[in-house]
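Protein sequence lines, in the order shown, are assigned to chains A and B.
Heads up, the first sequence is in numbering that gives the first Met the number 0, so the first residue is 0 and it goes up one at a time.
Heads up, the second sequence is in numbering that gives the first Met the number 0, so the first residue is 0 and it goes up one at a time.
Only one structure is covered here, and it is reproduced in the block below.
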Amino acid sequence: MKKRGTVLFIIGLILIAAGIALACFNLVTDARAEAVGKTIAKHLMQQIPPTVPALDDLPQSSDMPEEVEYPDYLLDPMRDMPTVELDGIAYVGLVRIPSQELELSVLAECTADNLKVAPCRFSGSVYLDNMVICAHNYSSHFGKMINLRIGDAVTFTDVEGNVFCYSVLELETVQPDQQEYMQTGDWDLTLFTCTWGGASRVTVRCERVPNE
Amino acid sequence: MKKWTKLFFTALSALLLLNSLSLQSFAADKIDTAQEASLTICYVHEEQPLSDAEFNLYRVADVSADVQFTVDEAIASYPVDFENMDEDRWAVLANTLQGYVEKDALMPSASGKTDTAGRLVIQNLKPGLYLVLGTRVTVGISVYSAVPFLICIPSADNSTGEWNYDPVAYPKTTVNEVPPVPEKTTVKVLMIWNDKGSESKRPAQISVQLLCDGEPYSTVTLSKENHWSYIWNDLDKDHSWNVIEIAIENYKVEQTKDGITFCLTNTYTGTPPAKPDPPHNPLPQTGLLWWPVPALVGAGIMVVVIALVLRKRSVK
């Protein structure tokens, strides 16, 4: 009986130690992601030209002055989003959530490795008002996104310096197999990350608003 | 050499913009291709006649008696699309052709200058489709430029239902002031791809020429690296600037201008591949594994408690 109790005691300690180890691993990963994210965002900002408020539409041709340079995304909204490469990885811009003091670079492609670095463009284009961005639920990425409120501001700056402003319209939970639902609908911008348990996706839907 | 019939009706639509003809009751006979025709150009800006302006006519296509068009061999070699034309695309086609015609210094079929009343009559024209290009003319401090246009001769006269072998055209005009000192200007080119599903067919890079008064001035290479665009700064504003691309296989080009930007839209002419079914992958896993932490710790504590109870009982 005593020997059995000792074995169980050791097993219990191992389980507790495993839990603590996993928590430490998560905290270290989170801290590392925060440090890497800040460095990348800083470097990316240096690559982006001075920001300009994005326009909603081209003026009518009759009102179009001859000597004006219109942004490429208005002349060709279907264009691929331009990218800037840092350390061989392509970035499409920066997403900012002022209420959470977040400023994160956004990678052009969504892969498991890229997600460890920064948020990724999951689908769509900012020029077509259908972009979907996903990120890990690190506290320095989208981990606190569930605390966003309706009306909170979100901005996205592309690598050409065009700033697109959004307002949070809705928060919802989406299941992992609802890929089509995630990407369709009238939302101009969608952000998502895993719930704490990892079984669902916390999803923030945004609408485009005029630049301040 | 291409033949196309639909062009006829849209050519008339283009003409409609120029001389207010309507197509609705058009019911003309066959075209007499042997009959000589003329074109009268009235070049007037806000009731002010623009004299001494030179206009060149380039023959784009022959027309047959039963209104079949055959594109001129030199024109047919350019990477432009004559199919599925509509009213808007005629102006784009005229703009696009202008660059190639000027760059290759094609000989005009006819030319002349406007008189003091801003009027020019060009006679002895063979029936066909013509591209009309005007040169810039300076009056006082203003520089007038005629917008290029395409015109079908003869054209349909709606009032009589007959072919009009002597149509009258009123070119659209743009006007800029002559600066007291030579000013600089900026020209930008942006490549637009209209090839959804066939992106793999795009060339990795493409050459674009900047033309100064129709002469090659600079050649640049556009690619994904420069986001398919380029800007030329400090260009003399006194000259006429245009942009053309070097032809690429399986693509047709259209040129439009918005502000300082020449947009070259390349449309894929090959057969697009079958649309693949959208993937049904689940959404990516975007979470740290937090849920096992309380589970492990909780289970560990329970096991330790059980172990302590067992040990206590064994001591008793």
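Yeah, the Cβ is synthetic: ideal placement off N, Cα and C, and Gly gets one too.
Owing to the predicted nature of the structure, the values given are computational and were not obtained by experimental measurement.
| Asked | Found |
| --- | --- |
| Going by C-alpha to C-alpha distance, which of 17(A), 202(A), 14(A), 30(A) sits closest to residue 134(A)? | 202(A) |
| Determine the extent of the alpha helix (DSSP H) in which residue 175(B) is found, giving its start and end residues. | Taken as a continuous stretch (DSSP letters only), residue 175(B) belongs to no alpha helix (DSSP H), being part of the beta strand (DSSP E) at 172-176. |
| When burial is assigned at 16 or more other CB atoms within 10 Å of the CB, is residue 84(B) buried or exposed? | buried |
| Near residue 98(A), which residues of its chain fall below 6 Å by C-beta distance, leaving aside the five closest residues on each side in sequence? | 151 |
| Nearest to residue 92(B) by alpha carbon, out of 146(B), 273(B), 140(B)? | 146(B) |
| Starting from residue 154(A), find everything on chain C with Cβ-Cβ shorter than 8 Å and list it in chain order. | Any reference to chain C falls outside this structure, whose protein chains are A and B. |
| Tell me whether residue 32(A) is buried or exposed, calling it buried when 16 or more other Cβ atoms sit within 10 Å of its Cβ. | buried |
| Please tell me whether residue 66(A) has its Cβ less than 8 Å away from any Cβ of chain B. | yes |
| Taking residue 193(B) and residue 270(B) to be in contact with their CB atoms under 8 Å, please state how far apart those CB atoms are, rounded to whole angstroms. | Contact flag wrong, Cβ pair sits at about 15 Å. |
| For chain A, check one thing: does any of its Cβ atoms lie closer than 8 Å to the Cβ of residue 186(B)? | no |
| Where does the unbroken beta strand (DSSP E) through residue 161(B) begin, and where does it stop? | 161-163 |
| Please report the Cβ distance between residue 145(A) and residue 105(A), rounded to the nearest whole angstrom; I am assuming they are in contact, meaning their Cβ atoms lie under 8 Å. | About 20 Å; that fails the 8 Å criterion. |
| I'd like the list of long-range same chain contacts for residue 163(B), defined as Cβ closer than 6 Å, with 5 residues on each side in sequence excluded. | 153, 154, 156 |
| By a C-beta neighbour count over all protein chains shown, 10 Å radius and 16 as the cutoff for buried, is residue 190(B) buried or exposed? | buried |
| Given that residue 241(B) touches chain A, what residues does it touch there, using C-beta distances under 7 Å? | Those do not exist, as residue 241(B) stays about 14 Å from chain A at its closest Cβ, beyond 7 Å. |
| Beta-carbon within less than 6 Å of residue 144(B)'s beta-carbon, same chain only, minus the 5 sequence neighbours each way: which residues are those? | 135, 173 |
| What runs of the beta strand (DSSP E), each 3 residues or longer, lie entirely inside the segment 232-297 of chain B? | 240-244, 250-257, 260-267 |
| For a contact meaning CB atoms closer than 8 Å, what does residue 211(B) contact in chain A? | Ordered by position in chain A, no residue passes the 8 Å Cβ test against residue 211(B), which lies about 17 Å from the chain. |
| For chain A, check one thing: does any of its Cβ atoms lie closer than 8 Å to the Cβ of residue 6(B)? | Only weak support exists for where residue 6(B) lies, its pLDDT of 44 falling under 50; the value from the coordinates is given anyway. Judged by the 8 Å Cβ criterion, residue 6(B) is not in contact with chain A. |
| How is the beta strand (DSSP E) around residue 227(B) delimited, first residue to last? | Looking at the DSSP string, residue 227(B) is not in any beta strand (DSSP E), and its letter there is neither H nor E. |
| Pick out whichever of 65(B), 89(B), 120(B), 131(B) has its Cα sitting closest to the Cα of residue 255(B). | 89(B) |
| Tell me which residue opens and which closes the beta strand (DSSP E) that residue 58(B) is part of. | 53-62 |
| For a cutoff of 8 Å on Cβ pairs, would you count residue 11(A) as touching chain B? | yes |
| Can you give the Cα-Cα distance for residue 112(B) and residue 53(B), rounded to whole angstroms? | 4 Å |
| What number of angstroms, rounded off, separates the C-alpha of residue 204(B) from the C-alpha of residue 229(B)? | 13 Å |
| Under 8 Å, do residue 11(A) and residue 303(B) count as touching if we go by C-beta distance? | yes |
| Assuming residue 123(B) is part of the beta strand (DSSP E), what are its boundary residues? | 118-124 |
| Please classify residue 76(B): is it buried, with 16 or more other beta-carbons within 10 angstroms of its beta-carbon, or exposed? | exposed |
| Can the beta-carbon of residue 174(A) be found less than 8 Å from the beta-carbon of residue 280(B)? | no |
| Is residue 27(A) buried or exposed, if buried means 16 or more other CB atoms sit within 10 Å of its CB? | exposed |
| Please report the distance separating the alpha-carbon of residue 13(A) from that of residue 290(B). | 17 Å |
| Give the straight-line distance between the Cα atoms of residue 88(A) and residue 113(A), rounded to the nearest whole angstrom. | 8 Å |
| Suppose you measure from the CA of residue 218(B) to the CA of residue 287(B); what does that come to, to the nearest Å? | 52 Å |
| If you reduce the DSSP assignment to three classes, tell me which class residue 184(B) lands in. | strand |
| With a CB to CB cut of under 8 Å and the five nearest residues on each side skipped, what residues in its chain are close to residue 23(B)? | The predicted position of residue 23(B) is uncertain, since its pLDDT is 34 and thus under 50; no value can be drawn from it. |
| Looking at the structure shown, is residue 148(A) part of a helix, part of a strand, or coil, going by DSSP? | coil |
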